[in-house]
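S.K.:
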Amino acid sequence: MAVFEKIQAARRAKDMKAYGDLMADDCVFVRHQSGTEMKKSEITAMLDKMMEGGGSFGDERKIYENDDILVMHSINDYPDGSREAVLACYTLKDGKITRLETGATPLQAPAHA
């Protein structure tokens, strides 16, 4: 199974432990908005908080994947009510995520019925 399918399965099941298991121990998330980096333990804590707060990963699609890189797009809803279109680039090594960089565009939150 490709890394994209594993990420997609974990995110759909809201299983952030399975998502974290796809990350190498030295995985880094580069946050361009803040100019900071997060290590694996910080990434998984952030994802757990997002899921506990009612956040979700929406429509996902794989743009490109090989043994070294995965580029995917998703629409994410966050616990604070914000929504973003996220372009993510995952650097891969031996089937594990070693680096994640994202670019996000704020979207209008959907109207609730």
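Numbering of the sequence shown is given in numbering that gives the first Met the number 0, commencing with residue 0 and proceeding in unit increments.
Don't be surprised by glycine CBs; every beta carbon is placed ideally from N, CA and C.
1) Under 8 Å, with one C-beta from each stretch per pair, do the region 33-50 and the region 7-17 reach the 3-pair mark?
2) Less than 7 Å between the CB of leucine 46 and some heavy atom of the ligand ZN, yes or no?
3) Take the Cβ of lysine 92 as the centre, count every other Cβ of all protein chains shown within 10 Å, and call the residue buried at 16 or more, exposed below.
4) For arginine 98, which residues in the same chain have their Cβ closer than 6 Å to its Cβ, ignoring the five residues on either side in sequence?
5) Under the three-state reduction of DSSP, which class applies to tyrosine 77: helix, strand or coil?
6) How long is the line joining the alpha carbons of methionine 71 and glutamine 7, rounded to whole angstroms?
7) Kindly give me the distance between the Cβ atoms of threonine 43 and glycine 80, rounded to whole angstroms, as I take these residues to be in contact under 8 Å.
8) What three-state label does DSSP hand serine 33 in the structure shown?
9) Using DSSP's beta-bridge definition, name the partner residues of serine 55.
10) Between which two residues does the alpha helix (DSSP H) harbouring glycine 19 extend?
11) Put aspartate 25 into one of helix, strand or coil per three-state DSSP.
M.R.: Let me spell this out:
1) yes
2) The model on display carries no ligand, and the ligand ZN is accordingly not part of it.
3) The residue labelled residue 92 in the question sits at position 93 within the sequence shown. Exposed is the call here.
4) Numbered from 1 along the sequence shown, position 99 holds the residue referred to as residue 98. Contacts found: Val27 and Thr90.
5) Counted from its first residue, the sequence shown places residue 77 at position 78. If DSSP states are grouped into helix, strand and coil, tyrosine 77 belongs with coil.
6) The count along the sequence shown starts at 1 and reaches residue 71 at position 72. The count along the sequence shown starts at 1 and reaches residue 7 at position 8. Cα to Cα, the separation comes out at about 10 Å.
7) For the purposes of this step, residue 43 is taken as the residue at position 44 of the sequence shown. For the purposes of this step, residue 80 is taken as the residue at position 81 of the sequence shown. About 23 Å; that fails the 8 Å criterion.
8) Here residue 33 is taken as the residue at index 34 of the sequence shown, counted from 1. In this structure, serine 33 counts as coil in the three-state DSSP scheme.
9) If you number the sequence shown from 1, residue 55 lands on position 56. Its beta-bridge partners are Asp76.
10) Indexing the sequence shown from 1 puts residue 19 at position 20. Looking at the DSSP string, the run of the alpha helix (DSSP H) that includes glycine 19 is 15-20.
11) On the sequence shown, position 26 is the one that residue 25 refers to. Strand.
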